[in-house]
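Structure record follows, encoded as structure tokens.
There are 2 protein chains.
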Amino acid sequence: LVERAVTRIVTPGTVTEDELLGGDENNFVAALTGGDSYGLAFLDVSTGDFVATSADSRQQVRDELGRFAPAEAVVEPGVDAELFGADCMVTRFREDAFDAASAREKLDAYFGAPERRLAGDSEIRACGALLSYAEYTRAGQQDTLEYLNHLTRYDPRDYMVLDAVALRSLELFEPRSVHGREGTTLVDVLDETSCALGRRKLTDWLRRPLVDRDRIDARLDGVEELRGDLRTREELAEALRDVYDIERLISRVSRGRANARDLRSLETTLDVIPDLRELLVDADSGKLRDLRARLQDLSDVREEIGSAIVDDPPQELTEGGVIRDGYDETLDELRETEREGKQWIRDLEAAEKERTGVESLKVGHNSVHGYYIEVTKANTEHVPENYERRQTLKNAERYVTPKLKAREDEIVRAEGRADDREYELFVGVRESVAAEAERVQDVAAAVAELDALCSLATVAAEYDYARPEMREAGAPIDIEGGRHPVVERTEEGFVPNGVHLGGDERVAVITGPNMSGKSTYMRQVALVCVLAQVGSFVPAESAELGVLNRVFTRVGASDDIAGGRSTFMVEMTELADILRDADDGSLVLLDEVGRGTSTADGLAIARAITEYIHDETDALTLFATHHHELTDLADDLGEAVNLHFPATQTGDGVAFRHDVAYGAATASYGIEVAKAAGVPDDVVRRARELVERERERNAVEGATSGGAQEADGGSAPSDIED
Amino acid sequence: LVERAVTRIVTPGTVTEDELLGGDENNFVAALTGGDSYGLAFLDVSTGDFVATSADSRQQVRDELGRFAPAEAVVEPGVDAELFGADCMVTRFREDAFDAASAREKLDAYFGAPERRLAGDSEIRACGALLSYAEYTRAGQQDTLEYLNHLTRYDPRDYMVLDAVALRSLELFEPRSVHGREGTTLVDVLDETSCALGRRKLTDWLRRPLVDRDRIDARLDGVEELRGDLRTREELAEALRDVYDIERLISRVSRGRANARDLRSLETTLDVIPDLRELLVDADSGKLRDLRARLQDLSDVREEIGSAIVDDPPQELTEGGVIRDGYDETLDELRETEREGKQWIRDLEAAEKERTGVESLKVGHNSVHGYYIEVTKANTEHVPENYERRQTLKNAERYVTPKLKAREDEIVRAEGRADDREYELFVGVRESVAAEAERVQDVAAAVAELDALCSLATVAAEYDYARPEMREAGAPIDIEGGRHPVVERTEEGFVPNGVHLGGDERVAVITGPNMSGKSTYMRQVALVCVLAQVGSFVPAESAELGVLNRVFTRVGASDDIAGGRSTFMVEMTELADILRDADDGSLVLLDEVGRGTSTADGLAIARAITEYIHDETDALTLFATHHHELTDLADDLGEAVNLHFPATQTGDGVAFRHDVAYGAATASYGIEVAKAAGVPDDVVRRARELVERERERNAVEGATSGGAQEADGGSAPSDIED
């Protein structure tokens, strides 16, 4: 019987088994505290990533949760657990863990002087409670969390805000459709990383685009240098492909869960470091030089593992054969005894054949009876006196001799002691490697950044991206020949489009037939800005970009029926957030605002909102609409402008163009689309008749409606930048 | 070294491991052939479910695929694999498997005379190819598929058509939102089953609602009887909870993959059958009497297992201890030898103590040296002559005697032979059970139906459902006090609503503020009809329902950006399908048609489509719209009627009501919603001003627009049924 005891508690946020974790994604458990401000902490138990921040409002809490998408959370009693979405399991945890004194004490044990690392009580309490919870899930094996030695605090203001709505509608990480395919998210198309470390780092960068131009430029410098040097980039990528997930490996080592293969994988990875250093020896940019400096050799760790562990160790430690010959004298002696014994037994067959004259005599071994000398029944008369019968087969007898038995005992004893010794030695190696966890983690972080930069450089080179020029916050956005980074990969003949937003063209009202690409166009502008602030080159001929503090999106939500909030309510709530929080450093995307109510109400709301954004927020805004009535806003508002996607009527059909131009669309082509989709001719004919009738009715009214319809086919927005 | 060979090929459609399969869902692999008509076959390798059908059009193929949602498919070369969605892996398989002659031969080996079971060449080729593929994934172990002995052909016309669009928008199986929660699908709220068999059956019924009134009534009779007898229902449920997944068990038995515990589980389950029969002994309805008749006792199978296998067998067959004492003489003898030997050894210690006078003498065993007699160093002088030294410890010596050694050999030999014998006997039992696979499957099917009926009865009783009265196809739908089966569970104060559709009220145009529940209302009408045709009671006070051959839905699709089809194109394509296929036996739900284009085009298309449906298809139609302009259709079209959800202005706010009434809504309350959502007051004020201005403009035009706005607060549709 095996004795059973609780040694771990497995929860969604604290699993560490590779099989249960995606290799490329962090798996966070979060803690949330209240008080003067909210304290937030995120921990990935499998990698040791541990970050903390504060938030002033519920909305800001939601925004930061959106970045990390924790799988699980512990929440201070009394703080609203509803802030977490349905994807996150909220776990009740004992109240005293959130207590300031005990949190401080807990943190102190891991990091020392929490005040130096964290801002304020709430953060300290969140971090402390999270550590307590992580220890709790280890069922009291407290010492096994010692690999948690990096705690990073960040200020939300250091990053572009991308709330859950924006992350979803821009499809940074998840396709919006339930039935979305692979390769349809931003992270998919940017990911040319070579190892899991790099993939997680790239994801982290996307989650938190920078707002500091110096930091952005530093990354861009690194990307530019790597982009220009195909040879180095390819060699780096090849070397990085040999990199195992050392963040998780070292965490397993520290937790005493690593086996010999894990240590070997760690060593193999560390073997790559000198190559990486060598490849970066001529690096110019500050970023790459800094990374090179951080790629410590760690030759002591490598040698420790290399000298102790055999090249291809077995999966199970108990199988033996883990420790190299020559590493330990005692072990070597035991193995020598074993070897000599086996050699003696191997020689025995020949010796006994000669002694007995029985040519068919055999020495063998089976697991139940051990070693034996087998003699066929026909020859048993030649068996010497010191043979003891052991087993009778149909055609043969099996014997042992006292000497053979003694040798066998010797071998078995030596084997047993060698196994014990090996295990002892292995644990010693593992512990001495664990003592270097912090240095290994530093190297892992540098490797991760290098891989992420290489990935961005590869994408920049292979997909013809341009280096963006970053302007100060509030400056205009100018993009020439911009493309949607995801759509351009999947659609042939993608048409690039420029944009100029800023100055007296801060608000653009976009009209044009469906399928012409209004939504894609708006998203592409946002994605170009996000990519730039991640430190990536951008899919465009050129781009000069004011740094954005936030991207807001209000694009088609799906119904939320059982949730009791209708599409329209969701839409209005999101809009209210935008109108409250947007400022002159924001980019706002509005797609078809005001659809979920009566046509008259919708039109009025859309117009009132556009006026408000224009007059009050100063945000850069793209607003796609089917309400052609709104195009007269460009006349009424000083900093608004009309854009449209033209279409050409061709005989009985219609050709959509995908190049944006100044001016309002003169017609919409919904009926043509209906026809192309196979709607019966009778219906199409009747719909045309109805539109025509309405047009005539409006014509009778004459110019009273005041909508100045600009001519089709104006100049493109990028044209006027020159 | 273990010799390795390919013994199975694991693919998404052919996995059989419980850990990889959801317990409640079938996992289908499909085959598709072309020719005069399409042939379709679906096989669940884990349960042996095997069905086939034909389809005349690509659309029909899609509809049938939608029902079964196969994980994998093999497709005849030359047939369009695009018919399968992104969730299905299409596997290339050798061309000759689709050959008519070889398919016929393959089928013949399993079922005999395929012509009697299947309609036409395409079906035969699909089934034959699918069998070949299933065998292929077993890597040539052809005989292991013998549990496939049920092949059911169905005619799509025997079931209500629910295509993928309808399944999704009615949320039968999957929540529509990516972030949907548990409990928000129809199958979730209907599932009160007690075992996996019943869950799969219930899912299958939902997938294929009936159209034959006799079959529907037969199920309803069964549900009604069980609903009325709480005691029997609870006892049935309790008995069914002890039922293992015998479909998968018997499939494992047939494939030679079942262990002793599996056989035990099978027996435990069969033990329940007499209880079930007893509980049904007074059953009245034809359905329950039929099920009782199908619940064969299978006492031979139970006894076979019960007499051979011990009560609590070990997981691994190789551990021994699987077969009962008294089942086999040889085994009993071997065990007796073993027992006697061990007893002799147990007695040895006392005997040797007495013989040697050494009180501390011990008899022990270790895995390397076997049995030994241990004497402390202080007493070795008392050791008799026939002791042979075996091992030296620090404080003791260990010995054997020739007799002890001989006894030990005897025990080891007997153990080895007993293990072999046990395995042999076990395989024999398994094979004789496998020979009864078909009978076990018949019983499993009856158990599954009984569980599904109990589940429906429980839901009917606990949630106050009513028995629907089924009318012939084409007859009106009359529901009084209908509820949405999913939403009523999650929302407090759900307001029931009736509907009358048919006769001169075939097309209902529904207006009213957002959040009043237009979408929920339409879906609830469709779900009541679907439930009824599944054989379930329905969430309503009463319901008289014409049988529907199909439910069409056109409700808000989410964008499909990278797919190159815009929301509007998707919408129009779905509409074209509806206009082509709907007839007087169809129910059509349209939600906000014509939104994705300019306001003028959208309105014209919506009007033309409504006219077409009214004049040409004769389908029963619910059309929710924000185009209040469409309410004048009720005046123009003979069989159209207006419905609306009223709202009441209350001081500065608005109160939504959720009770539907005749007549058109007089106002929409979008601006009030915007205000409630937190949109700034300035925006709200401005929007009101704009609406007012537009209203004045229309008032000037006077009665020229012709829209007769009916008064608010008319009578409810259910009122007029009496």
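So the sequence lines, in the order shown, correspond to chains A and B.
The letter at position 671 of the first sequence is residue 662 when you use our numbering, and the numbering goes up by one with no holes.
The letter at position 677 of the second sequence is residue 668 when you use our numbering, and the numbering goes up by one with no holes.
Ideal Cβ placement from N, Cα and C applies to all residues, glycine included.
- With respect to leucine 447 of chain B, glycine 526 of chain B sits close: the two C-beta atoms are nearer than 8 Å.
- A residue is called buried once 16 or more other Cβ atoms fall within 10 Å of its Cβ, and histidine 373 of chain B, having fewer, is exposed.
- Spanning the alpha carbons of asparagine 18 of chain B and alanine 443 of chain B requires a straight line of approximately 19 Å.
- One thing to note: tyrosine 318 of chain A has its Cβ within 8 Å of the Cβ of leucine 416 of chain A.
- Under the Cβ distance rule, leucine 566 of chain A counts among the residues neighbouring chain B, one pair being separated by less than 8 Å.
- Look at threonine 367 of chain B here: in three-state DSSP terms it is strand.
- Here DSSP, grouped into helix, strand and coil, assigns arginine 129 of chain B to coil.
- Under DSSP, the beta-bridge partners assigned to glycine 537 of chain B are B/Arg462.
- Assignment of beta-bridge partners to lysine 353 of chain B by DSSP yields B/Glu365.
- Nearest CB-CB separation between phenylalanine 559 of chain A and chain B: below the 8 Å threshold.
- For the region 595 to 625 of chain B, the set of positions with a beta-carbon nearer than 7 Å to some beta-carbon of chain A reads Ala595, Ile596, Arg598, Ala599, Ile600, Glu602, Tyr603, His617, His618, His619 in chain order.
- The alpha-carbon separation between leucine 136 of chain A and glycine 39 of chain A amounts to approximately 9 Å.
- Going by C-alpha positions, leucine 279 of chain A is about 43 Å away from glutamate 630 of chain A.
- Only exposed fits histidine 356 of chain A, as fewer than 16 other CB atoms lie within 10 angstroms of its CB.
- Proximity of chain A to glutamine 382 of chain B at the Cβ level (cut-off 8 Å) is accounted for by Asp400, in chain order.
- Of A/Lys353, A/Glu427, A/Ala342, the smallest CA-CA separation from serine 242 of chain A is found for A/Glu427.
- Proximity of chain B to glutamate 685 of chain A at the Cβ level (cut-off 9 Å) is accounted for by Ala591, Leu594, Ala595, in chain order.
- The Cβ atoms of arginine 191 of chain B and glutamate 331 of chain B lie no closer than 8 Å to each other.
- Interface with chain B (8 Å Cβ-Cβ cutoff): alanine 21 of chain A is excluded.
- When Cβ-Cβ separations below 8 Å define contact, valine 664 of chain B makes contact with chain A.
- In this model, threonine 321 of chain B and tryptophan 335 of chain B are separated by some 21 Å (Cα to Cα).
- The residue from B/Leu158, B/Ala436, B/Arg545 with its alpha-carbon nearest to that of serine 510 of chain B is B/Arg545.
- With the criterion set as a beta carbon lying under 7 Å from some beta carbon of chain B, the members of the region 667 to 682 of chain A are Ala668, Gly669, Val670, Pro671, Asp673, Val674, Arg677, Ala678, Leu681, Val682, in sequence order.
- Judged by pairs of C-beta atoms under 8 Å, the region 245 to 264 of chain B touches the region 290 to 305 of chain B, as three or more such pairs exist.
- Chain A has no Cβ within less than 8 Å of the Cβ of arginine 148 of chain B.
- No Cβ of chain B is located within less than 8 Å of the beta carbon of methionine 80 of chain A.
- With a 10 Å radius around the Cβ and a threshold of 16 neighbouring Cβ atoms, proline 68 of chain A comes out exposed.
- In this structure, glycine 111 of chain B lies away from serine 37 of chain B, with their beta-carbon atoms at least 8 Å apart.
- Of all residues in the region 49 to 75 of chain B, none has a C-beta nearer than 8 Å to a C-beta of chain A.
- Beta-bridge annotation (DSSP): asparagine 633 of chain A is paired with A/Val500.
- For chain A, none of the residues of the region 299 to 330 of chain B brings a beta carbon within less than 9 Å of one of its beta carbons.
- For arginine 586 of chain B, the chain A residues whose C-beta falls within less than 7 Å of its own C-beta are Arg586, listed in chain order.
- Taking 8 Å as the threshold, the shortest C-beta distance from glycine 661 of chain B to chain A falls below it.
- Selection A/Leu289, A/Ser351, A/Ala249 evaluated against proline 305 of chain A yields A/Ala249 as nearest (Cα-Cα).
- Proximity of leucine 570 of chain B to chain A, defined by a Cβ-Cβ separation below 8 Å, is satisfied.
- Around valine 70 of chain B, the same chain offers Leu23, Thr24, Gly25 as residues with beta carbons nearer than 7 Å, after the five sequence neighbours per side are excluded.
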